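Colleague: In UniProt numbering, the protein residues as written are 1 to 596. Where a beta carbon is used, it is the ideal one built from N, C-alpha and C, also for glycine. Quick caveat, the model's predicted, so the values are computed rather than measured.
(1) Would you tell me roughly how many angstroms separate the C-alpha atoms of residue 507 and residue 184, rounded to the nearest one?
(2) Tell me which residues share the same chain as residue 81 and place their Cβ nearer than 7 Å to its Cβ, disregarding the 5 neighbours each side in the sequence.
(3) Counting only runs of 4+ residues fully inside the stretch 199-224, write out the alpha helix (DSSP H) ranges in chain order.
(4) Using a Cβ-Cβ cutoff of less than 7 Å, which residues in the same chain neighbour residue 105 once the five nearest sequence positions on both sides are dropped?
(5) Roughly how many angstroms separate the alpha carbons of residue 29 and residue 460, rounded to a whole number?
(6) Let's test the definition: count the other Cβ atoms within 10 Å of the Cβ of residue 561 and tell me whether it reaches 16, buried, or not, exposed.
(7) Ordered along the chain, which non-local residues of its own chain (more than five positions away) have a Cβ less than 6 Å from that of residue 4?
(8) Below 8 Å, how does it come out for the stretch 232-248 and the stretch 147-159: are there three or more Cβ pairs, yes or no?
(9) If I'm right that residue 229 touches residue 288 with Cβ under 8 Å, what's the distance once you round it to whole angstroms?
(10) Quick one: is residue 245 buried, meaning 16 or more other Cβ sit within 10 Å of its Cβ, or exposed?
(11) Whose C-alpha, out of 180, 177, 181 and 200, is nearest the C-alpha of residue 188?
(12) Just verifying my parser: in three-state terms, what is the DSSP assignment at residue 377?
(13) Based on DSSP bridge pairs, tell me the residues matched to residue 280.
(14) If you reduce the DSSP assignment to three classes, tell me which class residue 580 lands in.
(15) In the DSSP assignment, what residue or residues form a beta bridge with residue 524?
(16) Apply the 10 Å Cβ neighbour rule to residue 501 and answer buried if 16 or more other Cβ atoms are within range, or exposed otherwise.
(17) I'd like to know whether the C-beta atoms of residue 208 and residue 182 end up nearer to each other than 7 Å.
(18) Could you tell me the alpha carbon to alpha carbon distance between residue 582 and residue 473, rounded to whole angstroms?
(19) Any contact between the stretch 40-50 and the stretch 272-280? By contact I mean 3 or more CB pairs, one from each, below 8 Å.
(20) Between residue 589 and residue 518, what straight-line distance do the alpha-carbon atoms span, to the nearest angstrom?
(21) By Cβ distance below 7 Å, which residues in the same chain neighbour residue 214 in space, the five residues on each side in sequence not counted?
(22) So, under 8 Å CB-CB, residue 513 and residue 533 are touching, yes? Tell me the CB distance rounded to an integer number of Å.
(23) With which residues is residue 163 paired in a DSSP beta bridge?
(24) To the nearest angstrom, report how far apart residue 175 and residue 40 are at their CA atoms.
(25) Just to check my reading of the structure: residue 282 and residue 61 have Cβ atoms closer than 8 Å, yes? What is that Cβ distance to the nearest angstrom?
(26) Here's the rule I'm using: 16 or more other beta-carbon atoms within 10 Å means buried, otherwise exposed. How should residue 27 be labelled?
(27) Which two residues bound the contiguous beta strand (DSSP E) that contains residue 134?
(28) Can you list, in chain order, the residues of its chain with a C-beta nearer than 8 Å to that of residue 484? Leave out the 5 residues immediately preceding and following it.
(29) Which full runs of the beta strand (DSSP E) of 3+ residues lie inside the stretch 439-505, going along the chain?
(30) Does residue 546 pass the burial test, meaning 16 or more other C-beta atoms within 10 Å, or should it be called exposed?
(31) Assuming residue 211 contacts residue 163 under a Cβ cut-off of 8 Å, what Cβ separation, rounded to an integer in Å, is found between them?
(32) Excluding five sequence neighbours on each side, which residues of the same chain lie with their C-beta closer than 8 Å to the C-beta of residue 68?
(33) Is the CB of residue 139 under 7 Å away from at least one CB in chain B?
(34) What whole-angstrom Cβ distance do residue 136 and residue 206 have, given they're in contact under 8 Å?
(35) Which same chain residues, not among the five before or five after residue 393, have their C-beta less than 8 Å away from its C-beta?
(36) How about residue 467 and residue 524: are their beta carbons less than 7 Å apart?
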């Protein structure tokens, strides 16, 4: 009777313990899932907003850079230089020559304006008041003067050589008013650039851009997320574009300062609602692209998840209680036999056997114990083979992680070029990409020659030079005696990629990357130096010890280090050269292996 009572009490305790643990587990999981989902939704929205803002900013910058280069080309053209210097006061048929020059200027500017439908017109202003223009409709000179006086006066007062003015509403006769921005720059006298005379500037060139049409075209290819709301502000806080229209309330100056400062994402009040703001700043125009979404919109998917979790939790507790009653009956009886088996183990009798007359894991436990000692030596051999296979598999896995983000960045660049240029430059970039993809499929083993590695690096550099025109320059110096030595495939590309994206791109102006490959004793040493923003030893250790999966460039550095050390040992790999006054120098050391 006492034994049965003890077993009955044990069964009751088991049931109560299981039900309590399951209930606590369900509550804890629900809380973790609810708040975790809320955290993930908000952070995903912030990351998505930053990506969208960056894409819009990059597209605007790219278009405005093209327009700026267009203005430079027009200004430096020989025909334009002659027209801007023409003297109409001393010629009898000055009216004839003026019309002839207007016709020449129109034909030249018409070809440039046709590049993009977002360019409304191109205007040339001479210092003596004469004007030449190309516009989609017929305009009077008085109308042009009325529309351009304000931003030309502002430009002259600022004393800049180049500026972006606007947005403003156009005021042309017989033409509906449209919102526009104007890129204006001074036209130099090419013949006087290197002389000390005062008349080195012939006038101004301005290119008018329909800003609403341009931005609508950019966002037509963009997923704007939950709310789809964003605005673009000038450096002074003027609204350049807003999905809420021109009449939407402006942001508080303090909020704009916080967004443009250290806090790129903050909560604030907007139109009476708690709103999450996320900001990205254009490096070219210094405009702010700000996405915003109401807090209640962020919580909407979280509330749905909470309802589902509540239903699932209640159902799980009920089912778990029923299953616990059944399972507890089959657990109590074998427990005592297991206790006896443990007593034998305490006495040192490892060879003995204990029979458990159940058809579950408890009987398998007794049988497994009897076979344990016999299989120990065999397991040691299996573990060694397993670790070797794991090492090789990890090398393959690390190798495969390098390519996807690079393919994504390259295809994104090709898409941007296709959207803006529509035709030029795509063929060369595609050829370089194909070359890199073929290299990944062709080299089934891990080693290629340094000469082949340099060829693949040049293809990658060409792609990035096309993406960042004039942003950086690369020099490659490889000793002749190491060209035929063997190296792991694609170890230079991630290091150079890191130098571009984390060294040169954040830097103002252009930069230089120097790559040196030479033999050092029994080893081969690569040196990759960039004169970018630089990296300290703490940042370097953070990349190698705690790689971030969402930062593909830094993940590439970590993968190269792992592959080199798995292949050649802990004495080889990547290191940061200390004491560099400007930029960053990364050293890669591998053993010298000549091709047989």
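Modeller: Per the coordinate set shown:
(1) Position 507 of the chain shown holds residue 507. Position 184 of the chain shown holds residue 184. Approximately 25 Å between the Cα atoms of the pair.
(2) Mapped onto the chain shown, residue 81 falls at position 81. 190.
(3) 211-219
(4) For this step, residue 105 is matched to residue 105 along the chain shown. Result list for residue 105: 80, 83, 124 and 132, in chain order.
(5) The residue given as residue 29 occupies position 29 in the chain shown. The residue given as residue 460 occupies position 460 in the chain shown. Cα-Cα distance, rounded: 46 Å.
(6) In the chain shown, counting from the first residue as 1, residue 561 sits at position 561. Its Cβ being crowded by 16 or more others within 10 Å, residue 561 is buried.
(7) Locating residue 4 in the chain shown gives position 4, counting from the first residue. Confidence in residue 4 is poor, its pLDDT being 45 and thus under 50, which makes the residue's placement too unreliable to answer from.
(8) no
(9) Within the chain shown, numbered from 1, the residue matching residue 229 stands at position 229. Within the chain shown, numbered from 1, the residue matching residue 288 stands at position 288. With 8 Å as the limit, residue 229 and residue 288 do not qualify as a contact, their Cβ atoms being about 14 Å apart.
(10) As a first step, residue 245 must be located in the chain shown, where it is residue number 245. It counts as exposed.
(11) On the chain shown, residue 188 is found 188 positions in, with the first residue counted as 1. When each option's Cα is compared against that of residue 188, the closest is 200.
(12) Indexing the chain shown from 1 puts residue 377 at position 377. Low local confidence applies: a pLDDT of 41 at residue 377 is under 50, so the model's placement there is unreliable, with the coordinate-based value given in what follows. Note: residue 377 maps to helix in three-state DSSP.
(13) Counted from its first residue, the chain shown places residue 280 at position 280. Paired residue(s): 289.
(14) As a first step, residue 580 must be located in the chain shown, where it is residue number 580. Residue state, collapsed to three classes: coil.
(15) For the purposes of this step, residue 524 is identified with residue 524 of the chain shown, where counting begins at 1. In DSSP, residue 524 forms a bridge with 519 and 590.
(16) The count along the chain shown starts at 1 and reaches residue 501 at position 501. When all chains shown are included, residue 501 counts as buried.
(17) Taking the chain shown and counting its residues from 1, the one referred to as residue 208 is at position 208. Taking the chain shown and counting its residues from 1, the one referred to as residue 182 is at position 182. Taking 7 Å as the Cβ cut-off, residue 208 and residue 182 qualify as a contacting pair.
(18) The residue labelled residue 582 in the question sits at position 582 within the chain shown. The residue labelled residue 473 in the question sits at position 473 within the chain shown. The alpha-carbon atoms of residue 582 and residue 473 are separated by roughly 16 Å.
(19) yes
(20) Position 589 of the chain shown, counting from 1, holds the residue named residue 589. Position 518 of the chain shown, counting from 1, holds the residue named residue 518. Cα to Cα, the separation comes out at about 10 Å.
(21) Position 214 of the chain shown, counted from the first residue, corresponds to residue 214. Once the five neighbours on either side are set aside, the close Cβ partners of residue 214 are 63 and 118.
(22) Sequence index remark: in the chain shown, residue 513 carries index 513 (1-based). Sequence index remark: in the chain shown, residue 533 carries index 533 (1-based). With a Cβ gap of about 13 Å, residue 513 and residue 533 do not count as contacting.
(23) Against the chain shown, residue 163 aligns to sequence position 163. In DSSP, residue 163 forms a bridge with 184.
(24) Sequence index remark: in the chain shown, residue 175 carries index 175 (1-based). Sequence index remark: in the chain shown, residue 40 carries index 40 (1-based). Rounded to the nearest angstrom, the two C-alpha atoms are 50 Å apart.
(25) By one-based count along the chain shown, residue 282 stands at place 282. By one-based count along the chain shown, residue 61 stands at place 61. Indeed, because the Cβ distance is near 6 Å, the residues count as touching under 8 Å.
(26) Indexing the chain shown from 1 puts residue 27 at position 27. The residue is exposed, with fewer than 16 neighbouring Cβ atoms inside 10 Å.
(27) As a working mapping, residue 134 is identified with position 134 in the chain shown. Segment 131-135, the beta strand (DSSP E) holding residue 134.
(28) Numbered from 1 along the chain shown, position 484 holds the residue referred to as residue 484. Correct list, in chain order: 449, 450, 451, 594 and 595.
(29) 447-449, 472-478 and 486-488
(30) Counted from its first residue, the chain shown places residue 546 at position 546. Looking at its Cβ environment, which holds fewer than 16 other Cβ atoms inside 10 Å, residue 546 is exposed.
(31) Numbered from 1 along the chain shown, position 211 holds the residue referred to as residue 211. Numbered from 1 along the chain shown, position 163 holds the residue referred to as residue 163. Going by Cβ atoms, the distance from residue 211 to residue 163 rounds to 15 Å, so no, they are not a contact pair.
(32) Here residue 68 is taken as the residue at index 68 of the chain shown, counted from 1. These residues qualify, in order along the chain: 162, 183 and 185.
(33) No chain B appears in the structure shown, which is made up of a single protein chain.
(34) In the chain shown, the residue the question calls residue 136 occupies position 136. In the chain shown, the residue the question calls residue 206 occupies position 206. About 15 Å; that fails the 8 Å criterion.
(35) For this step, residue 393 is matched to residue 393 along the chain shown. Any answer about residue 393 is weak, because its pLDDT of 49 lies below 50 and its placement is not dependable; what the coordinates show is given next. Nothing meets the Cβ criterion.
(36) In the chain shown, the residue the question calls residue 467 occupies position 467. In the chain shown, the residue the question calls residue 524 occupies position 524. Result no, Cβ atoms of residue 467 and residue 524 do not sit closer than 7 Å.
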